[in-house]
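Going by this note's numbering, the sequence shown opens with residue 4, and the numbers climb by one from there.
Every residue gets a Cβ at the ideal spot worked out from N, C-alpha and C, and that includes glycine.
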Amino acid sequence: MHIASTNPQYLVKKIIQTRIYESKYWKEECFGLIAELVADKAMELRNAMY
């Protein structure tokens with residue numbers, strides 16, 4: 004990773020994105036999720052919280 008000329012805000016975004024994609028939850032629940040089902044998944048998560 005080339006850090007010297009990279010804007011720090013993009014580094015944080017990339018680090019967080021990488022951690023999400025490597026997480027067990029993402030791999031089991033969200034990998035391959037298509038755009039049409041994102042809202043359904045969000046509602047599942049929201050309902051699970053309440």
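Pair within 8 angstroms by beta-carbon distance, residue i and residue j
i	j	result
Cys-33	Lys-44	yes
Trp-29	Ile-37	no
Which of helix, strand or coil DSSP assigns to residue i
i	result
Ile-37	coil
Asn-10	coil
Tyr-24	helix
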